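*Asks:* Supplied in structure tokens, the structure appears directly below.
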Amino acid sequence: KHRSIEFLTGLRDQYGWWRDFNTLAGTSDEWVTAYVGSMLARVNDCRAQDAAHRAWYLLSRRRPWLAGWGYNKYVPPDADSTLWALHLAQGIGVRSSWRVRRAERFLRQAVRADGALTTYIEDGPIRLFTKLHRGISFAGWWGSHTCVTGAAAALCQFAGRDHALGHIR
Numbered sequence: 266k267h268r269s270i271e272f273l274t275g276l277r278d279q280y281g282w283w284r285d286f287n288t289l290a291g292t293s294d295e296w297v298t299a300y301v302g303s304m305l306a307r308v309n310d311c312r313a314q315d316a317a318h319r320a321w322y323l324l325s326r327r328r329p330w331l332a333g334w335g336y337n338k339y340v341p342p343d344a345d346s347t348l349w350a351l352h353l354a355q356g357i358g359v360r361s362s363w364r365v366r367r368a369e370r371f372l373r374q375a376v377r378a379d380g381a382l383t384t385y386i387e388d389g390p391i392r393l394f395t396k397l398h399r400g401i402s403f404a405g406w407w408g409s410h411t412c413v414t415g416a417a418a419a420l421c422q423f424a425g426r427d428h429a430l431g432h433i434r
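Residues 266 to 434 in our numbering are what the sequence shown spells out, letter by letter.
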């Protein structure tokens with residue numbers, strides 16, 4: 266356990282962000298920091314807890330004018346990244362901050378009629394980011410995503426949890 270925590274905490278950059286591989290959208294920092302931080306928040310170890318708290322500190326101050334988080338600071342917010350940030354907040358006991366409340370409202374918009382969640386709520390911001398014209402379909406990003414729905418169903422504080430569980434069942 267201790268070596269795993271050392272390994273994970275040693276992978277952060279000089280500011281405390283975890284970073285993932287580079288894609289056409291850039292390198293992930295918000296999504297991966299939220300995900301790794303949420304996992305460390307579950308570990309009963311002061312170094313893991315400190316790293317989880319640092320991750321929340323960074324995320325809670327990144328793009329405060331937006332309701333959620335994305336792959337990185339340039340990509341529009343999405344339900345998947347936002348869910349992992351909320352898992353992190355729940356794991357460290359931050360349940361009533363204004364960032365949490367705004368993110369929860371954002372997620373409610375991602376719930377589809379079948380109870381599943383979609384990654385992107387609308388195509389405008391992600392279409393603008395990708396610079397793809399209207400003829401290119403983004404339907405896959407708006408469809409029901411079982412992986413995102415599963416992450417939502419595991420979040421105790423999520424208001425759409427029962428619908429998400431119903432979809433998975």
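Glycine included, C-beta positions come from ideal geometry on N, C-alpha and C. In this text, all values refer to a predicted model and were calculated from it rather than measured experimentally.
Have a look at Leu273 and Gly405 and give me their C-alpha separation to the nearest angstrom.
*Replies:* 32 angstroms
*Asks:* When the Cα atoms are used, what is the spatial distance from Arg428 to Glu387?
*Replies:* Note on identity: in this sequence residue 428 is His, with Arg being the wrong assignment. Whole-angstrom Cα-Cα distance: 20 angstroms.
*Asks:* Specify whether the stretch 344-362 and the stretch 377-387 touch according to this definition: at least 3 beta carbon pairs, one from each stretch, less than 8 angstroms apart.
*Replies:* yes
*Asks:* Below 8 angstroms on the Cβ atoms is my contact criterion, and I expect Val297 with Asp285 to pass it. Report the Cβ-Cβ distance as a whole number of Å.
*Replies:* Taking a contact as a CB-CB distance under 8 angstroms, the pair Val297 and Asp285 counts as one, their CB atoms being some 4 angstroms apart.
*Asks:* Check the C-beta distance from His410 over to Ala381 and give it rounded, since I have them as a contact under 8 angstroms.
*Replies:* Yes, they are in contact, since the Cβ atoms of His410 and Ala381 sit about 7 angstroms apart, within 8 angstroms.
*Asks:* Can you tell me which of Ala299, Val359, Ala290, Ser269 puts its alpha carbon nearest to the alpha carbon of Val308?
*Replies:* Measuring C-alpha to C-alpha distances from Val308 to each of Ala299, Val359, Ala290, Ser269 identifies Ser269 as the nearest.
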